[in-house]
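Each remark here refers to the structure printed beneath this line.
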Amino acid sequence: MTDHAPVPTLPTDTVTLSGGARMPLLGFGTWQITGEEAVHATAAALAAGYRHLDTATVYGNEQEVGRALADSGVARDEVFLTTKCPPDLAGQELETLRRSLDALQTDRVDLWLIHWPGEGSVNARMWEAFVEARRQGLTREIGVSNFDAALIDEVADATGVRPAVNQVEWSPLLFDSATVAAHRDRGVALEGYSALRGGTLEDPTIGGIAQRLGRTPAQVIIRWHLQHGVVVIPKSVHADRIRSNADVAGFELTSDDMAAIDALGQG
Ligand SMILES: NC(=O)c1ccc[n+]([C@@H]2O[C@H](COP(=O)([O-])OP(=O)(O)OC[C@H]3O[C@@H](n4cnc5c(N)ncnc54)[C@H](OP(=O)(O)O)[C@@H]3O)[C@@H](O)[C@H]2O)c1
-18 MTDHAPVPTL PTDTVTLSGG ARMPLLGFGT WQITGEEAVH ATAAALAAGY
32 RHLDTATVYG NEQEVGRALA DSGVARDEVF LTTKCPPDLA GQELETLRRS
82 LDALQTDRVD LWLIHWPGEG SVNARMWEAF VEARRQGLTR EIGVSNFDAA
132 LIDEVADATG VRPAVNQVEW SPLLFDSATV AAHRDRGVAL EGYSALRGGT
182 LEDPTIGGIA QRLGRTPAQV IIRWHLQHGV VVIPKSVHAD RIRSNADVAG
232 FELTSDDMAA IDALGQG
């Protein structure tokens, strides 16, 4: 996993969240990476220059992500750290977050998300606990994941506090301008996951743009997110892919490229 390949020039784009934190648009996803592989992959991401890590209680790798971060030599406050609480732990939110903080070897995370919606009133009750966690300084920002606009409004109306972020499945094939507008209108940052799944890497339009620019399809997809101001958190266990996915500061998609990629989701 470790080698001496050159470190890419990372994008410096950020989105300022409703609580004031600046979230790097590019982060490293860690779903389905566990054990020593999680330590190595997270270490490779930090060595490549990523300063944003995405984990979750249910990923079972917070300990390993925390270890890689602690051993990396990168200062904790240089890294934007997200974790998530599943709705089946409703009622035990703060204990769950404290366990996450212990595992991650930190006093607070930058962003804590409700991982997916629960049934009925669970979301509003969880959200109250999230607001309390932020009040106690255990997290800088609070948000949700896999919510739609109606659910975002439900928790915001119940508490008077709107989520800073909604993390949803997002890729060129899922692009939907109404979803972008719904988040923008509410002041909720849109964060995408699984950007490289579902056939996007094999899409011929993306392949054609990548070929013209001398880039990989993954780089085009990641760059497309950045130019839309959407947070993107590609995952890989391979150091070369981890580096190459971050090497997206040195080129731009034209407005025609952006429109052609957007059109893939509107078909
Ligand atoms: N909130 C939620 O419910 C939720 C759900 C899913 C994911 N997420 C978050 O979003 C992150 C990203 O989503 P994801 O894990 O589904 O995967 P992804 O980033 O879409 O990547 C999918 C697969 O693509 C491969 N890949 C990566 N770079 C590549 C490249 N340059 N060329 C070819 N293949 C490449 C990786 O395999 P290799 O490892 O073999 O390279 C990876 O398993 C997750 O890790 C997690 O942090 C959140």
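Numbering-wise (this note's numbering), the sequence shown opens with residue -18 and increments by one.
Here a beta-carbon is modelled for each residue, glycine too, at the ideal position from N, C-alpha and C.
Residue i - DSSP class collapsed to helix/strand/coil
{"i": "I214", "result": "coil"}
{"i": "F156", "result": "coil"}
{"i": "T77", "result": "helix"}
{"i": "V20", "result": "helix"}
{"i": "W12", "result": "coil"}
{"i": "R165", "result": "helix"}
{"i": "D221", "result": "helix"}
{"i": "F111", "result": "helix"}
{"i": "G188", "result": "helix"}
{"i": "R106", "result": "helix"}
{"i": "P5", "result": "strand"}
{"i": "R143", "result": "coil"}
{"i": "H33", "result": "strand"}
{"i": "A132", "result": "It is worth fixing the name first, because residue 132 is Leu in this sequence and not Ala. In this structure, L132 counts as helix in the three-state DSSP scheme."}
Straight-line Cα distance separating residue j from residue i
{"i": "I202", "j": "T181", "result": "8 Å"}
{"i": "V60", "j": "D184", "result": "33 Å"}
{"i": "I133", "j": "Q247", "result": "23 Å"}
{"i": "D58", "j": "R165", "result": "27 Å"}
{"i": "S126", "j": "Y174", "result": "10 Å"}
{"i": "P143", "j": "V213", "result": "At residue 143 the sequence reads Arg, which differs from the Pro that was named. Distance between the alpha carbons of R143 and V213: 21 Å."}
{"i": "D258", "j": "D157", "result": "The structure shown has nothing for residue 258, since the chain only spans -18 to 248."}
{"i": "V55", "j": "G101", "result": "41 Å"}
{"i": "I123", "j": "K216", "result": "22 Å"}
{"i": "R80", "j": "S225", "result": "33 Å"}
{"i": "L70", "j": "W97", "result": "11 Å"}
Sequence-distant residues of the same chain with beta carbon closer than 7 Å to residue i, five excluded per side
{"i": "R196", "result": "F232"}
{"i": "E135", "result": "N104 and A105"}
Own chain, CB closer than 6 Å to residue i, minus 5 neighbours either side, in chain order
{"i": "P198", "result": "L182, I187, G188 and A191"}
{"i": "P68", "result": "G99 and V103"}
{"i": "R115", "result": "I123"}
Closest by C-alpha distance to residue i, when choosing among the options
{"i": "M4", "options": "W12, R89 and D(-6)", "result": "D(-6)"}
{"i": "L78", "options": "P144, A71 and C66", "result": "C66"}
{"i": "D329", "options": "W108, I95 and P153", "result": "Coverage of the chain is limited to positions -18 through 248, which leaves residue 329 absent and any answer about it impossible."}
{"i": "L245", "options": "P215, G30, L207 and P153", "result": "P153"}
{"i": "R121", "options": "D228, A110, D91 and A131", "result": "D91"}
{"i": "G8", "options": "G41, L62 and L(-2)", "result": "L62"}
{"i": "D35", "options": "A240, E172, I242 and G16", "result": "E172"}
{"i": "A19", "options": "S(-1), L85 and R57", "result": "L85"}
{"i": "I14", "options": "Q44, G30 and L(-2)", "result": "Q44"}
{"i": "L119", "options": "V142, T160 and L75", "result": "L75"}
{"i": "G41", "options": "T11, A56, V149 and P68", "result": "T11"}
{"i": "A145", "options": "R222, A159 and A130", "result": "A130"}
{"i": "S(-1)", "options": "G168, L177, Q200 and A176", "result": "G168"}
{"i": "D238", "options": "T38, V39, V229 and R193", "result": "R193"}
Cβ of residue i within 8 Å of any chain C Cβ
{"i": "G72", "result": "Of the chains in the structure shown, none is chain C; there is only one protein chain."}
Close Cβ partners of residue i (< 8 Å) along its chain, the five nearest in sequence each way excluded
{"i": "T(-17)", "result": "Model confidence at T(-17) stands at a pLDDT of 48, short of 50, so the residue's coordinates are unreliable; what they give is reported in the following sentence. Closer than 8 Å at Cβ, skipping near neighbours: H21, A24, A25, A28 and A220."}
{"i": "L6", "result": "P(-8), D(-6), T(-5), V(-4), H206, L207, G210, V211, V212 and V213"}
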